[in-house]
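Numbering (our numbering), first residue to last: 1 to 280.
C-beta atoms are modelled at their ideal positions from N, C-alpha and C, and glycine is treated no differently.
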Amino acid sequence: MSSPWKLASVVLLLLGTGVLSAAAPSGEPTVYKEVDGRPLKLYITKPDDWQKSDSRPAIVFFHGGGWVGGAPGQFTEHSKHLAKQGMVTVQVEYRLLDRKNNDPPTICIEDALDAMRWVRSHAEELGIDPNRIATAGGSAGGHLAAYLGTVDVRQAGVSTKPNAMVLFNPVYDNGPDGWGTQRVKDRYQEFSPAHNISADDPPHLVFLGSQDKLIPVATAENFQQQMQDAGVRSELRIYQGQGHGFFNHGKDNNRWYNATIEETDKFLQSLGWITPPPAS
1 MSSPWKLASV VLLLLGTGVL SAAAPSGEPT VYKEVDGRPL KLYITKPDDW
51 QKSDSRPAIV FFHGGGWVGG APGQFTEHSK HLAKQGMVTV QVEYRLLDRK
101 NNDPPTICIE DALDAMRWVR SHAEELGIDP NRIATAGGSA GGHLAAYLGT
151 VDVRQAGVST KPNAMVLFNP VYDNGPDGWG TQRVKDRYQE FSPAHNISAD
201 DPPHLVFLGS QDKLIPVATA ENFQQQMQDA GVRSELRIYQ GQGHGFFNHG
251 KDNNRWYNAT IEETDKFLQS LGWITPPPAS
């Protein structure tokens with residue numbers, strides 16, 4: 001892949017995810033690690049009636065941006081909405097790759113692992129159930145969310161594997177024909193969620209536009225089929241005519257944000273994590 005094409009691909013990814021103009025992250029900032037003197041933060045949003053003695057479900061969001069851009073605020077409105085449904089929501093700040101080199105997303109993954117480990121190990125003080133933590137993310141953030149769901153890393157007895165996933169046009173196939181190949185090269189088995197599928201992966205919901213120029217529908221269908229073959233609940237929602245980042249709050253008068261957040265609610269309701277609204 002030529003350098004101009006690499007740059008165009010990253011710009012398209014940044015523009016498509018809508019993260020160039022992401023809202024400020026909501027919630028209480030909390031430092032989960034420090035690297036080379038730089039504090040990395042989680043932004044934690046709690047329901048209005050939250051109490052420390054609670055045991056609530058939680059969801060951890062990772063923003064998109066091709067591993068080189070973006071900001072936690074991409075999922076601010078999602079976080080506020082799900083907090084109103086009774087969940088504790090977390091938006092993650094993670095280190096970004098240098099656009100000028102071709103490094104694999106190792107530091108992004110390291111931070112995602114540490115963020116998830118911090119959330120689960122602090123479940124009691126956060127008032128959450130350590131066995132009801134979902135990951136979520138868009139595009140490259142969807143890669144991080146799916147990586148946690150497919151590659152189980154355990155340190156000091158704490159698993160980083162989520163109990164559910166909600167993935168928005170995730171770049172979860174980094175193999176030879178997938179997005180991100182130019183960075184992971186022949187090490188894709190280490191980084192690609194699609195190449196680490198197993199029966200203990202969590203149930204999940206995937207959103208994708210039929211006109212996404214970075215993640216083909218066939219890639220999503222193949223991921224779903226492999227998951228189902230492994231016995232994992234895998235749901236896929238295709239939105240006709242929509243491109244990359246169609247789900248972001250503020251696009252198309254929130255038509256697709258509303259559609260996807262409604263499906264997210266239904267998925268979480270099916271897990272028994274949130275309560276359906278009373279019938280009218």
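In the structure shown, what three-state DSSP assignment does K84 receive? Residue numbering aside, residue 84 sits at position 84 when the sequence shown is read from its first letter. In the structure shown, K84 sits in a helix (DSSP, three-state: H, G or I).
Inter-stretch contact at 8 Å, needing at least 3 Cβ pairs: the stretch 75 to 84 / the stretch 103 to 119: no
Apply the 10 Å Cβ neighbour rule to A31 and answer buried if 16 or more other Cβ atoms are within range, or exposed otherwise. Counting from one through the sequence shown, the residue named residue 31 turns up at place 31. Here residue 31 turns out to be Val, not Ala, going by the sequence shown. With fewer than 16 Cβ atoms within 10 Å of its Cβ, V31 is classed as exposed.
How many angstroms separate the CA atom of G180 from the CA atom of G272? Reading the sequence shown from its first residue, position 180 is the one you call residue 180. Reading the sequence shown from its first residue, position 272 is the one you call residue 272. In a straight line, the C-alpha of G180 is about 35 Å away from that of G272.
So E110 is in the alpha helix (DSSP H); what residue range does that whole segment cover? Reading the sequence shown from its first residue, position 110 is the one you call residue 110. It spans T106 to S121 - the alpha helix (DSSP H) in which E110 sits, taken as one unbroken run.
D152 and T219 look like a contact to me (Cβ under 8 Å); what is the Cβ gap, rounded to whole Å? Position 152 of the sequence shown holds residue 152. Position 219 of the sequence shown holds residue 219. About 23 Å separates the two Cβ atoms, so there is no contact after all.
Look at the alpha carbon of R237 and the alpha carbon of N258, and state the distance between them as a whole number of angstroms. Within the sequence shown, residue 237 is the residue found at index 237, counting from 1. Within the sequence shown, residue 258 is the residue found at index 258, counting from 1. Each residue's alpha carbon lies about 14 Å from the other.
Proximity of G209 and G250 at Cβ, strictly below 8 Å: Here the question's residue 209 lines up with position 209 in the sequence shown. Here the question's residue 250 lines up with position 250 in the sequence shown. No, the pair does not count as a contact, with Cβ atoms beyond the cut-off.
Since L144 is in the alpha helix (DSSP H), which residue starts that stretch and which ends it? Residue numbering aside, residue 144 sits at position 144 when the sequence shown is read from its first letter. From DSSP, the alpha helix (DSSP H) with L144 extends over A140 to T150.
By the 10 Å Cβ neighbour count, where 16 or more other Cβ atoms means buried, how is S21 classified, buried or exposed? Counting from one through the sequence shown, the residue named residue 21 turns up at place 21. For S21, the pLDDT reaches just 48, beneath the cut-off of 50, and the residue's location in the model is therefore unreliable, although a value from the coordinates is still provided. By the neighbour-count rule (16 or more Cβ atoms within 10 Å), S21 is not buried but exposed.
Bridge partner(s) assigned by DSSP for Y239: Here residue 239 is taken as the residue at index 239 of the sequence shown, counted from 1. In DSSP, Y239 forms a bridge with G209.
For P277, collect the residues of the same chain with a Cβ closer than 7 Å to its Cβ; drop the 5 residues on either side in sequence, then sort them by chain order. The residue given as residue 277 occupies position 277 in the sequence shown. If we look at P277 and ignore the five residues flanking it on each side, it has no Cβ neighbours.
Are the beta-carbon atoms of A146 and P193 separated by less than 8 Å? Stepping through the sequence shown from its first residue, residue 146 is reached at position 146. Stepping through the sequence shown from its first residue, residue 193 is reached at position 193. Contact: yes.
Own chain partners of K46 with C-beta closer than 6 Å, once the 5 adjacent residues on each side are dropped: Taking the first residue of the sequence shown as 1, we reach residue 46 at position 46. Excluding residues within five positions, the ones whose Cβ falls inside 6 Å are V88.
Cβ shell of T260 (< 6 Å), same chain only, five flanking positions each side left out: For the purposes of this step, residue 260 is taken as residue 260 along the sequence shown, with counting starting at 1. The residues are F207 and F247.
Secondary structure at R99, three-state DSSP: helix, strand or coil? For the purposes of this step, residue 99 is identified with residue 99 of the sequence shown, where counting begins at 1. Reduced to three states, the DSSP call for R99 is coil.
Excluding five sequence neighbours on each side, which residues of the same chain lie with their C-beta closer than 6 Å to the C-beta of L97? In the sequence shown, residue 97 corresponds to position 97, counting from 1. Once the five neighbours on either side are set aside, the close Cβ partners of L97 are W67, V68 and D103.
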